[in-house]
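Below: one structure, written as structure tokens.
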Amino acid sequence: MTFLAQRLDRIKPSPTLAVTMKASALKAAGRDVIGLGAGEPDFNTPENIKEAAIAAMRRGDTKYTDVDGTPALKKAICAKFKRENGLDYKPEQITVGTGGKQVLFNALLATLNPGDEVIIPAPYWVSYPDIVLLAEGTPVIIPCGQNNQFKMRAEELDAAITPKTKWLILNSPSNPTGAAYSRAELKALTDVLLKHPHVWVLTDDMYEHLVYDGFEFSTPAQIEPKLYDRTLTMNGVSKAYCMTGWRIGYGGGPQHLIKAMAKLQSQSTSNPSSISQAAAVEALNGPQDFIPEHNKIFRERRDLVVEMLNQAPGLTCHRPEGAFYVYPSCSGTIGKKTPQGKVIKTDEDFVAYLLEAEGVAAVHGAAFGLSPFFRISYATGTDVLRDACTRIQRACKALKD
Ligand SMILES: Cc1ncc(COP(=O)(O)O)c(C=O)c1O
1337 MTFLAQRLDR
1347 IKPSPTLAVT
1357 MKASALKAAG
1367 RDVIGLGAGE
1377 PDFNTPENIK
1387 EAAIAAMRRG
1397 DTKYTDVDGT
1407 PALKKAICAK
1417 FKRENGLDYK
1427 PEQITVGTGG
1437 KQVLFNALLA
1447 TLNPGDEVII
1457 PAPYWVSYPD
1467 IVLLAEGTPV
1477 IIPCGQNNQF
1487 KMRAEELDAA
1497 ITPKTKWLIL
1507 NSPSNPTGAA
1517 YSRAELKALT
1527 DVLLKHPHVW
1537 VLTDDMYEHL
1547 VYDGFEFSTP
1557 AQIEPKLYDR
1567 TLTMNGVSKA
1577 YCMTGWRIGY
1587 GGGPQHLIKA
1597 MAKLQSQSTS
1607 NPSSISQAAA
1617 VEALNGPQDF
1627 IPEHNKIFRE
1637 RRDLVVEMLN
1647 QAPGLTCHRP
1657 EGAFYVYPSC
1667 SGTIGKKTPQ
1677 GKVIKTDEDF
1687 VAYLLEAEGV
1697 AAVHGAAFGL
1707 SPFFRISYAT
1717 GTDVLRDACT
1727 RIQRACKALK
1737 D
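In this note's numbering, the protein residues as written are 1337 to 1737.
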């Protein structure tokens, strides 16, 4: 009998964090490794946000705060939802957690009973199915292939809904594909949900601001106000504001759900860091002009990576609307042999080969629930990306039939 709880057997450690740690270990051991596994911007947190944190410390904002967020931050979040999404939330409808991850965790733990189903389109962000499993729910995975730009169709959603369905998790722009739903595409999905009043939507809008080529972001409760009472609109400052280490995420939703989530948080972490909350107020209320500046650089990098990967034999890479990831198919490498004579059978074999042969660390598609693909994060310097793509091209050219 093991000392550890059985619930841990249901989940696995985050594969994206595992790749990042493996790349760091190889680097520390002196290998020339380029890590394309991490999901965080390489840009630094803007100075005005850092200054707000320093001012908060000097002011003495170093004590416990209300469990699920300070009044100042909740006010800033309400203003953000109104300004950017046309959504009216009152402060009592807002929850703030230690990263977007805690908001998702709280929502699922506070609502799922054993056997409740949660629909998750694949490829998905690695944590969704595991959090559902921890909460004793059942993930229902809908594979969404490259032929529909990795997006779920209305009829696929309709067919997956059962009387046990509790939530649909939507993530647009997506980690790992960068795919984002247009207004019309999202409307087709919200129309399906209108027919099934027992199904709630958990929309993960983490990459809202990272969209390119004039794409217009929208979110379910904005597109279909009739869903407002059964939607948790989740977001955070980690990605757009380059604040991954500060750990602030938030959500807006019906008050009884928000209260239940606060109850759970009150018996786990209590409030998120008081200093990070003060910084997040400045992030949301302060100047936003660095966002389009970063996006211009991200778009150039996306185009560079898509173009170079499409020149690699055996790979095809879709050009996504947003986030900072691409999700190329490596189906043309499956069945080929490496110079060492090993046959590539899976996307996991392919990324292991990339790391071994060329020192490029990427994450295999199986981790995100759709193979044979791999994820590259292009939130890294342009020269480094060019070098990484040249190495990937070389690795692909070295494969033999
Ligand atoms: C789609 C998605 N949702 C949520 C999160 C969690 O964000 P946070 O770092 O704020 O917990 C991430 C982070 O990688 C993400 O990619």
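Glycine included, each C-beta is placed from N, C-alpha and C at the ideal position.
Please list, following the chain, all residues that have a C-beta closer than 6 Å to any non-hydrogen atom of ligand 1. Those residues, listed in chain order, are 1375, 1435, 1436, 1437, 1461, 1507, 1511, 1540, 1542, 1572, 1574, 1580, 1585.
Inter-residue spacing [alpha-carbon to alpha-carbon] between residue 1396 and residue 1389: Taking the CA atoms as reference points, residue 1396 sits about 11 Å from residue 1389.
Segment limits, alpha helix (DSSP H) that includes residue 1449: It is not in any alpha helix (DSSP H) - residue 1449 carries neither H nor E in the DSSP assignment.
Starting from residue 1736, follow its DSSP beta bridges and name the residues at the other end. Residue pairing for residue 1736: DSSP places it in a beta bridge opposite 1673.
Assuming residue 1356 contacts residue 1371 under a Cβ cut-off of 8 Å, what Cβ separation, rounded to an integer in Å, is found between them? Cβ atoms of residue 1356 and residue 1371 come within 8 Å of each other, at about 6 Å.
For residue 1644, which residues of its own chain have a beta-carbon under 6 Å away from its beta-carbon, when the five flanking residues on both sides are left out? Annotation for residue 1644: 1725 place their beta carbon closer than 6 Å to its own, counting only its chain and skipping 5 residues before and after.
Would you call the CB atoms of residue 1640 and residue 1721 closer than 8 Å? Yes; because the gap between Cβ atoms is below 8 Å, this pair is in contact.
Could you check the C-alpha separation between residue 1676 and residue 1467 for me, to the nearest Å? So the two alpha carbons sit approximately 39 Å from each other.
Residue 1393 (DSSP reduced to helix, strand or coil): Residue 1393: helix per DSSP, three-state reduction.
Measure from the alpha carbon of residue 1376 to the alpha carbon of each residue in 1575, 1386, 1634, 1729, then state which is nearest. Nearest Cα to residue 1376 within the set 1575, 1386, 1634, 1729: 1575.
Supposed contact pair residue 1442 and residue 1601 - C-beta distance, whole angstroms, cut 8 Å: With a contact defined as Cβ atoms closer than 8 Å, residue 1601 and residue 1442 qualify at about 6 Å.
Could you compute how far the alpha carbon of residue 1710 sits from the alpha carbon of residue 1399? Cα to Cα, the separation comes out at about 43 Å.
What did DSSP end up calling residue 1542 once you bin it into helix, strand or coil? If DSSP states are grouped into helix, strand and coil, residue 1542 belongs with coil.
Through-space distance from residue 1422 to residue 1558, alpha-carbon basis: Roughly 6 Å separates the two Cα atoms.
Local conformation of residue 1709 per DSSP, three classes: It is a strand residue.
Strictly by DSSP, which residues pair up with residue 1457? Answer by DSSP bridge pairing, in chain order: 1478.
For residue 1737, tell me which candidate among 1712, 1706, 1672, 1678 has the shortest Cα-Cα distance. Nearest C-alpha to residue 1737 among 1712, 1706, 1672, 1678: 1672.
What number of angstroms, rounded off, separates the C-alpha of residue 1687 from the C-alpha of residue 1460? When rounded, the distance between both Cα atoms is 18 Å.
Please state whether DSSP places residue 1400 in a helix, a strand or coil. Three-state DSSP puts residue 1400 in coil, outside helix and strand.
When the Cα atoms are used, what is the spatial distance from residue 1705 to residue 1458? A straight line joining the alpha-carbon of residue 1705 with that of residue 1458 spans about 6 Å.
Measure the Cβ-Cβ separation of residue 1379 and residue 1653 and say whether it is below 8 Å. Annotated as distal: residue 1379 and residue 1653, with beta-carbon spacing of 8 Å or more.
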